[in-house]
Amino acid sequence: MNRALLALALTSVALPAVAEEVNIYSHRQPELIQPLLDAFTAETGITTNVAFVDKGMAERLVAEGDRSPADLVLTVDIARLTQIVEAGVTQSVQSDVLEANIPADLRDANDHWFGLTSRARIIYAHKDRVADGEVTTYEDLVSDKWKGRICSRSGTNDYNVALLSAVIAHKGAEGAKAWAEGLKANLARKPDGGDRDQVKAIWAGECDIAIGNTYYMGAMLASEEQKEWAESVRIVFPTFEGGGTHLNISGVAMTKSAPNKDAALKLMEWLSSDAAQKIYAETNNEYPVKPGVERSALVAGWGEFTPDTVSLTDVAGHRGEALKIMEEINFDG
Numbered sequence: 006m007n008r009a010l011l012a013l014a015l016t017s018v019a020l021p022a023v024a025e026e027v028n029i030y031s032h033r034q035p036e037l038i039q040p041l042l043d044a045f046t047a048e049t050g051i052t053t054n055v056a057f058v059d060k061g062m063a064e065r066l067v068a069e070g071d072r073s074p075a076d077l078v079l080t081v082d083i084a085r086l087t088q089i090v091e092a093g094v095t096q097s098v099q100s101d102v103l104e105a106n107i108p109a110d111l112r113d114a115n116d117h118w119f120g121l122t123s124r125a126r127i128i129y130a131h132k133d134r135v136a137d138g139e140v141t142t143y144e145d146l147v148s149d150k151w152k153g154r155i156c157s158r159s160g161t162n163d164y165n166v167a168l169l170s171a172v173i174a175h176k177g178a179e180g181a182k183a184w185a186e187g188l189k190a191n192l193a194r195k196p197d198g199g200d201r202d203q204v205k206a207i208w209a210g211e212c213d214i215a216i217g218n219t220y221y222m223g224a225m226l227a228s229e230e231q232k233e234w235a236e237s238v239r240i241v242f243p244t245f246e247g248g249g250t251h252l253n254i255s256g257v258a259m260t261k262s263a264p265n266k267d268a269a270l271k272l273m274e275w276l277s278s279d280a281a282q283k284i285y286a287e288t289n290n291e292y293p294v295k296p297g298v299e300r301s302a303l304v305a306g307w308g309e310f311t312p313d314t315v316s317l318t319d320v321a322g323h324r325g326e327a328l329k330i331m332e333e334i335n336f337d338g
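Under the working numbering, residues 6 to 338 are what the sequence shown spells out, in order.
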C-alpha cells in the first residue's frame, strides 16, 4: 500500500462513527416514558430526544413539512393517532416484529399507527357509600339514583370524548346524546380537574362515583399525598349493555419526514418487545398489548374484565360527533 492510501485508511479508522438518534414528539409527559427510553438507549446505544407537545401536534407537523426533525409521534389516545394519520404526516411501516407483537385490532390496517399499551375507562366508586354491584354498566350512570353523586373531568377531554364516541358506536348519535345529557344531569358539581381530582372529590365527600382511567390508581397509590384518596375507592369495570369495557391506547406512528428512519424503526420494534412491555406494565400501570406479557401485580389485583369489541378505528371515527354533542349540551356548563 502506498503512503497516500495508507494515510487514507488510517484516517478512516480514526473517524468516530456517527451516533444514531431518534427524535420524538410526545403527547405523554416525558417522565412517563423516560424509563423506557433510558432502557432502549442502554441496550442499543441509540440516543433519544423528546419534545413534549401537548396540543396542536398534527398542525405542527404539517407546518414543518419535510423539514420536521421528528421521527416518531407518541400519543395517549386513538383519536389523536388517527388525526395525525389523516393529516398526512405519517408513513406506513412494514415490520414483521410489530406484526408479530401487536394484535391486529391494536394497529392500523395500513400500518400507520401501532398500539403500545391499553387502559380501561372505568368507574371509581366509594368503598362504603357504593355497594358492590350497584353500578355495573355505563348505562347505569344515567340512572336517577346517581343524581348529584357523580364527578367528572371536562366533557371535551380526550378520554371522555373517546368514551362518548364508543357510546355512539353502540347506541347511535341520538342515543349517545341522551346518555351524555343523563350523565350531565347526575353531576354533583361542574366538571373540573383531571381523573385524580375526581377521586379526591369522592374522598372529600363531594360525590360517590367518577369516571377515570385505570392507571391513575397506580399513580395515586404511589403518592404520599394521594394514597388516601385512592384507598377510599375501588375500581369497577363497567360494560356496555351487550358489549364490554371501553379501552383506549397509547400508541406510536412514524412521521413522513423521519430523518432517522432506521433508528426510529428499531425503537418502535423495541417498544413492542417483552422488555419494554414489562417496563410499561410496572412503571405506568398500563396493560401490555403484547400477548403473554404479564400485568404488574398491582394491575392484576384490580381484577379481570372483558374488553369491548368495537374497533378503535370505529371509535376514533365518531370523535367529531362526540365533541359536537358535548358542546351542544354544554356538558361543562
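From the three backbone atoms N, C-alpha and C, an ideal C-beta is built for every residue, glycine too.
The structure presented is a predicted model; accordingly, all values stated were derived computationally and were not measured.
Return yes when the Cβ of residue j is within less than 7 Å of the Cβ of residue i, no when it is not.
i	j	result
D313	G210	no
E26	N335	no
R134	C212	no
V158	G187	It is worth fixing the name first, because residue 158 is Arg in this sequence and not Val. In this structure, G187 does not lie closer than 7 Å to R158 by Cβ.
V294	L66	no
I254	P40	no
L328	I83	no
S73	S262	yes
N28	D101	no
V147	W118	no
A171	V320	yes
I107	S278	no
E326	A178	yes
K195	I330	no
Q282	V298	yes
Do you know whose CA, among the options, lies nearest residue i's CA?
i	options	result
Q99	P108, H175, D116	D116
A280	R300, Y30, S237, D137	R300
V140	D197, G297, F245, V257	F245
G70	E274, Q96, A321, E144	Q96
G138	T250, G338, V241, I330	V241
H175	V55, E333, H323, L276	H323
D59	P74, V78, L328, A68	V78
V90	D337, E274, V257	V257
T87	L42, T46, A114	A114
A190	D337, G61, M225, V94	D337
W395	A302, V320, G61, C156	Outside the modelled stretch of the chain, which goes from 6 to 338, sits residue 395, for which no answer is possible.
D149	G180, A193, D319	A193
E64	T52, V81, G93	G93
T122	I38, D163, T311	I38
T250	T53, Q231, T311	T311
P35	N54, I107, S278, M225	N54
W307	E233, P243, A268	P243
T49	A167, G325, G297, A24	A24
M273	E309, G120, R85	G120
V315	I173, V81, M62, R85	I173
D267	T142, L169, I51	I51
A44	W275, A302, P296, E333	W275
A105	E309, P296, D197	P296
M62	T260, Q231, T142	T260
Specify, as a first and last residue, the run of the beta strand (DSSP E) that residue i falls within.
i	result
S31	26-31
Would you list the residues sitting across from residue i in a DSSP beta bridge?
i	result
N162	Per DSSP, none; premise fails for N162.
V257	L79, F119
V55	I29
Y129	A215, I240
Y292	S123
I155	L192, I214
R252	For clarity, residue 252 is Leu in the given sequence; the question names Arg instead. In DSSP, L252 forms a bridge with A125.
R112	F119
T95	T260
T311	Note: T311 sits in no beta bridge, so no partner.
T142	T244
Would you give the residue range spanned by the alpha helix (DSSP H) that residue i belongs to?
i	result
E274	266-276
R201	200-208
Q39	35-49
R324	324-333
G223	220-226
R65	62-69
D101	101-106
L303	302-305
(message) When you compare the region 210-220 with the region 123-138, are there three or more beta-carbon pairs, one atom per stretch, that lie closer than 8 Å?
(response) yes
(message) Across the region 280-299 and the region 217-237, are there enough close Cβ pairs to call them in contact, namely three or more that are closer than 8 Å?
(response) yes
(message) Can you confirm whether the region 191-205 touches the region 221-241 when touching is taken to mean that 3 or more C-beta pairs between the two stretches lie within less than 8 Å?
(response) yes
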